[in-house]
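Chemist:
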């Protein structure tokens, strides 16, 4: 029987790794992958919490899993759009390096 | 048995993720990411979330990974531009602090959750019932979001001269 | 069959105005026909439906109908029609004289490019004016008070391409705004004191026993300053009187009326002689219950009217513009009416209002006919027009005699009724000015009117071109008005009729009307006044026994005072130029330095400075942002642990 905390530690570690990926990679595709990893890490925490959800009537309620369901859908949509943006970026500026794209400032 | 599987899947997930973010070749990164997601799906099975585990494999490991591979192929990076992690002390400090604080947050739960885990929670029927009754409006909203994403993708991927 | 009533009288002109201004103005004939039609339909409803009811039931009868306009808390604003003797006689004047002037305008405005617009504006004016007459509460009367101001503005500035006309329109509007400011404060004070805006309810509250002695304000204990409702009412009444000063052009807010003669002559006749300027007198008659309890308020009203009457008459003796002379004469006559109200003579004031509407409209229409013939307003360029314009001259002369109070014309009965009133000591004690100044004014009236007549219709011709009599659509209304100016003495307005035309809000203790007796003494008195004034004019301007220039030089500064309208306009110009302009400069400086300089530009400059500072730390590097983001989240986490 694994306690809830262990799942949460796992989730936190995966999340931090994703964070490191976002901060330490310059390739836009890798940045996107890291974002997906962070989303996934959050999913782990949600499902783990759901398992220990206390409900009044005794009937289990899958709120956490419903959330994960939505997260996956949103992540899929986000990945599709973001990758297209990455492609457009490559077509226009001939680079996938996020450091080369510093136009978003005054 | 459960404990063993947890450590196997958990360790695999962390290792695969580490390799994902550090691999120089994006194709390798994509493959390691799939492994990471597969391990996470295993974790979900341990948590009795069978449907979520299936969806995880189908969507992440199937659809999204293929998407990434396609884009990598289309962009066709020249090998000279490939690089791994760019270490920077500031980033290490920030990430380390963050991890420590997260760990302390979990530690502070201090066994606040004492209830017995519920084995029935992952049944697909239960999930479906919840989705189509209580969460029907967000469910439809997500369908609209996906439609918007499709349209956005199509618009963005058109070439300039076609626009 | 429809059951026609006051609502139809009120709203048919509005419908007509809307139809003309929004669509029908393409067709001149249809526009004029519609505007004239609705006025006469209203007149028919009033004459054949409301008038018999008033006559049958006598004073005190009324018909009231109201709809709720809006509610705000406990306060209900309603919009209604109050038909009683007072509003019926006023409606008959407005609609009857108005209807005739509408017909006259068809001939006068013929060929004007703004013909249809003119009739649209006239319809709008009729609606606004009838709203004042029919109003059952103060808020409604205020709304229509302003609407009348707007339509007056539109009609004075009718020849808007002429700078002097649009300036005159602005002057009229702005002067009225000054009066309306006081009027509104007065209304609010009355509303606060009585808890209602409805005239009848307000009159009932004021007439309640003990209301007037109730203390409204007390400052500083038992020996401090206290203000009873009676004092409160006279302050409110004096402020309300400012509205009357503006609309009825009483001193010192009279300055707009002479300039308003820039408008087309039918407008001068309808609005600035017969109806709109009488609205102030009508209002005073309607709310007389506010003034009657206080001697101070009554004496303010009486002295205001008395002074305006004298003051305007002195100016009229020196003017050369035919319409301006008539305008100052109107001021003077309105002063008589206001004074009569202050002397507790609402009945005779309303009677004079009615007869004045007939003969002054007649005089204006006659003046319009003369102007139409000789194309100038200056009486020095007229002369000997009697032979050229026989009909106009005859009716003008009759109107003049009526204005001068020659028996048995209508002016004799109403004006000498007012003069008669001045011979009794008023409630605040014997008053030498009230006793003699109106009589002197009457002499001046005869003088300036016959000066006008002699210079215009007799003597040597000084005009250019070939003047000829105007068209029947112009002289026919003049003849009708002339008939009324002759017969509206005791024949048409018997004692019973005038008693019937009273407001339902008439307070207890208001003086009753009494026809002056046409005995030898009164007639001689009146003829003496007429004879002195007209004789002086005859001597100076017809026979030239006395050279006017010699008199002018002999009078010296007095003449200059009159000729420059007592320097009131110059005084206002000085105030505007020095006081107001300097204050405006001060405000401008404040605006430039504090508002624009410090607040507006200062905040913009601060924002820009902060932004410029912050922008230096913007790298555009996504990864840097992510790092900062993580640091922020970490900080939040650390704070919460």
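Protein chains in written order, with the numbering used here: chain A, 1 to 106; chain B, 1001 to 1163; chain C, 2001 to 2641. Think of the CB as a built atom: it goes at the ideal place given N, C-alpha and C, for glycine as much as any other residue. Model, not experiment: these values are computed from the prediction.
Give a yes or no on whether 7 Å exceeds the smallest Cβ distance from residue 2630 of chain C to chain B.
Modeler: The residue labelled residue 2630 of chain C in the question sits at position 630 within the third chain. Yes, residue 2630 of chain C lies at the interface with chain B (some Cβ there is under 7 Å from its Cβ).
Chemist: Using only the alpha-carbon positions, how far apart do residue 2429 of chain C and residue 2438 of chain C sit?
Modeler: Taking the first residue of the third chain as 1, we reach residue 2429 of chain C at position 429. Taking the first residue of the third chain as 1, we reach residue 2438 of chain C at position 438. Taking the straight line from one Cα to the other gives about 17 Å.
Chemist: Beta-carbon of residue 35 of chain A versus every beta-carbon of chain C: anything under 7 Å?
Modeler: On the first chain, position 35 is the one that residue 35 of chain A refers to. With 7 Å as the cut-off, residue 35 of chain A does not count as an interface residue toward chain C.
Chemist: For residue 2505 of chain C, count neighbouring C-beta atoms within 10 Å of its own C-beta (all shown protein chains included) and say buried if the count is 16 or more, exposed if not.
Modeler: Sequence index remark: in the third chain, residue 2505 of chain C carries index 505 (1-based). Buried, because 16 or more other Cβ atoms sit within 10 Å of the Cβ of residue 2505 of chain C.
Chemist: Is the shortest distance between the beta-carbon of residue 86 of chain A and the beta-carbons of chain C less than 7 Å?
Modeler: Your numbering for residue 86 of chain A matches position 86 in the first chain. Cβ-Cβ to chain C under 7 Å: no for residue 86 of chain A.
Chemist: Since I believe residue 2152 of chain C is in contact with residue 2276 of chain C (beta carbons under 8 Å), could you give me their beta-carbon distance rounded to a whole number of angstroms?
Modeler: Position 276 of the third chain holds residue 2276 of chain C. Position 152 of the third chain holds residue 2152 of chain C. Indeed they touch by this definition, with Cβ atoms about 6 Å apart.
Chemist: Output, in chain order, the set of chain B residues within a Cβ distance shorter than 8 Å of residue 38 of chain A.
Modeler: Within the first chain, the letter at position 38 stands for residue 38 of chain A. The premise fails here: residue 38 of chain A is roughly 10 Å from chain B at the closest Cβ pair, so nothing lies under 8 Å.
Chemist: Within 10 angstroms of the Cβ of residue 2477 of chain C, are there 16 or more other Cβ atoms? Answer buried if so, exposed if not.
Modeler: Numbered from 1 along the third chain, position 477 holds the residue referred to as residue 2477 of chain C. Looking at its Cβ environment, which holds 16 or more other Cβ atoms inside 10 Å, residue 2477 of chain C is buried.
Chemist: For my contact list, residue 2173 of chain C and residue 2149 of chain C are in at a C-beta cut-off of 8 Å; report their separation, rounded to the angstrom.
Modeler: Mapped onto the third chain, residue 2173 of chain C falls at position 173. Mapped onto the third chain, residue 2149 of chain C falls at position 149. So it is a contact: roughly 6 Å between Cβ atoms.
Chemist: Using DSSP bridges, identify the partner residues of residue 2217 of chain C.
Modeler: By one-based count along the third chain, residue 2217 of chain C stands at place 217. Answer by DSSP bridge pairing, in chain order: C/2227.
Chemist: Specify, as a first and last residue, the run of the beta strand (DSSP E) that residue 2078 of chain C falls within.
Modeler: Here residue 2078 of chain C corresponds to residue number 78 of the third chain, with the count starting at 1. Here the beta strand (DSSP E) through residue 2078 of chain C covers 2075-2084.
Chemist: The alpha helix (DSSP H) that contains residue 2372 of chain C, what's its start and end?
Modeler: Sequence index remark: in the third chain, residue 2372 of chain C carries index 372 (1-based). Run containing residue 2372 of chain C: 2346-2374, per the alpha helix (DSSP H) assignment.
Chemist: Over the uninterrupted beta strand (DSSP E) stretch that includes residue 2064 of chain C, give me the two end residues.
Modeler: Residue mapping note: residue 2064 of chain C aligns to position 64 of the third chain, counting from 1. It spans 2062-2072 - the beta strand (DSSP E) in which residue 2064 of chain C sits, taken as one unbroken run.
Chemist: Give me the subset of the segment 1072-1101 of chain B whose CB atoms are less than 8 Å from a CB atom of chain C, sorted by chain position.
Modeler: 1090, 1091, 1094, 1095, 1097, 1098, 1101
Chemist: For residue 2440 of chain C, which residues in the same chain have their Cβ closer than 8 Å to its Cβ, ignoring the five residues on either side in sequence?
Modeler: The residue you call residue 2440 of chain C lines up with position 440 of the third chain. 2310.
Chemist: Out of curiosity, what's the CA-to-CA distance linking residue 2296 of chain C and residue 2384 of chain C?
Modeler: Within the third chain, the letter at position 296 stands for residue 2296 of chain C. Within the third chain, the letter at position 384 stands for residue 2384 of chain C. C-alpha separation (whole angstroms): 50 Å.
Chemist: Does the CB of residue 1047 of chain B have a neighbour CB from chain A at under 7 Å?
Modeler: Within the second chain, numbered from 1, the residue matching residue 1047 of chain B stands at position 47. It does: the Cβ of residue 1047 of chain B has a partner Cβ on chain A nearer than 7 Å.
Chemist: Exposed or buried, which one is residue 2090 of chain C when buried takes at least 16 other CB atoms within 10 Å?
Modeler: Locating residue 2090 of chain C in the third chain gives position 90, counting from the first residue. Counting every other CB atom within 10 Å of its CB across the protein chains shown gives residue 2090 of chain C a total of 16 or more, marking it as buried.
Chemist: Can you give me the Cβ contacts of residue 2513 of chain C inside the same chain, cut-off strictly under 6 Å, excluding the 5 residues immediately before and after it?
Modeler: The count along the third chain starts at 1 and reaches residue 2513 of chain C at position 513. Answer for residue 2513 of chain C: 2347, 2348, 2498, listed in chain order.
Chemist: Could you give the C-beta distance for residue 2621 of chain C and residue 102 of chain A, rounded to a whole number, given that I count them as a contact under 8 Å?
Modeler: Sequence index remark: in the third chain, residue 2621 of chain C carries index 621 (1-based). Sequence index remark: in the first chain, residue 102 of chain A carries index 102 (1-based). Contact between residue 2621 of chain C and residue 102 of chain A holds: CB atoms are separated by about 6 Å, below the 8 Å threshold.
Chemist: With DSSP as the reference, label residue 2180 of chain C as helix, strand or coil.
Modeler: Along the third chain, read from residue 1 onward, the residue named residue 2180 of chain C stands at position 180. The answer is helix: DSSP assigns residue 2180 of chain C an H, G or I state.
Chemist: Kindly confirm or deny that the segment 2029-2046 of chain C and the segment 2480-2496 of chain C touch, where touching means at least three C-beta pairs closer than 8 Å.
Modeler: Short answer: they don't touch.
Chemist: Please check if any C-beta of chain A sits within less than 7 Å of the C-beta of residue 1149 of chain B.
Modeler: Reading the second chain from its first residue, position 149 is the one you call residue 1149 of chain B. Output row for residue 1149 of chain B: interface = yes.
Chemist: Got a sec: is the Cβ-Cβ distance from residue 98 of chain A to anything in chain B below 7 Å?
Modeler: Here residue 98 of chain A is taken as the residue at index 98 of the first chain, counted from 1. It does not: the Cβ of residue 98 of chain A has no partner Cβ on chain B nearer than 7 Å.
Chemist: Just the chain A side, please: which residues come within less than 7 Å of residue 2621 of chain C by C-beta, in chain order?
Modeler: Working through the third chain from its first residue, we reach residue 2621 of chain C at position 621. What residue 2621 of chain C touches in chain A: 99, 102.
Chemist: Under 8 Å by Cβ, that's how I've got residue 7 of chain A and residue 48 of chain A pegged, so tell me the actual separation to the nearest angstrom.
Modeler: As a working note, residue 7 of chain A is residue 7 in the first chain. As a working note, residue 48 of chain A is residue 48 in the first chain. Indeed, because the Cβ distance is near 4 Å, the residues count as touching under 8 Å.
Chemist: Could you say which of C/2404, C/2367, C/2500 lies nearest to residue 2474 of chain C if we only look at CA atoms?
Modeler: For the purposes of this step, residue 2474 of chain C is identified with residue 474 of the third chain, where counting begins at 1. Nearest of C/2404, C/2367, C/2500 to residue 2474 of chain C, Cα basis: C/2367.
Chemist: Can you tell me whether DSSP reads residue 2170 of chain C as helix, strand or coil?
Modeler: Taking the first residue of the third chain as position 1, residue 2170 of chain C is located at position 170. Residue 2170 of chain C falls in the helix class under three-state DSSP.
Chemist: Using the Cβ count rule (16 or more neighbours within 10 Å means buried), how would you classify residue 1144 of chain B?
Modeler: For the purposes of this step, residue 1144 of chain B is taken as the residue at position 144 of the second chain. So residue 1144 of chain B ends up on the exposed side.
Chemist: Quick one: what does DSSP say residue 2198 of chain C is sitting in, helix, strand or coil?
Modeler: Looking up residue 2198 of chain C in the third chain gives position 198. In this structure, residue 2198 of chain C counts as strand in the three-state DSSP scheme.
Chemist: What's the gap between the Cα of residue 2016 of chain C and the Cα of residue 2544 of chain C?
Modeler: If you number the third chain from 1, residue 2016 of chain C lands on position 16. If you number the third chain from 1, residue 2544 of chain C lands on position 544. Taking the straight line from one Cα to the other gives about 52 Å.
Chemist: Starting from residue 1960 of chain C and walking both ways along the alpha helix (DSSP H), at which residues does that stretch end?
Modeler: There is simply no residue 1960 of chain C to check, as chain C begins at 2001 and stops at 2641 in what is shown.
Chemist: Whose Cβ in chain C lies nearer than 7 Å to the Cβ of residue 19 of chain A?
Modeler: The residue given as residue 19 of chain A occupies position 19 in the first chain. Here the neighbours are 2630.
Chemist: Going along chain C in order, which residues have a C-beta closer than 9 Å to the C-beta of residue 1105 of chain B?
Modeler: As a working mapping, residue 1105 of chain B is identified with position 105 in the second chain. By Cβ distance, chain C contributes 2637, 2640, 2641.
Chemist: Does chain A have any CB closer than 7 Å to the CB of residue 2627 of chain C?
Modeler: In the third chain, counting from the first residue as 1, residue 2627 of chain C sits at position 627. Yes, because at least one Cβ of chain A sits closer than 7 Å to the Cβ of residue 2627 of chain C.
Chemist: Count the other CB atoms within 10 Å of the CB of residue 1150 of chain B; is the residue buried (16 or more) or exposed (fewer)?
Modeler: Position 150 of the second chain, counted from the first residue, corresponds to residue 1150 of chain B. Burial call: exposed.
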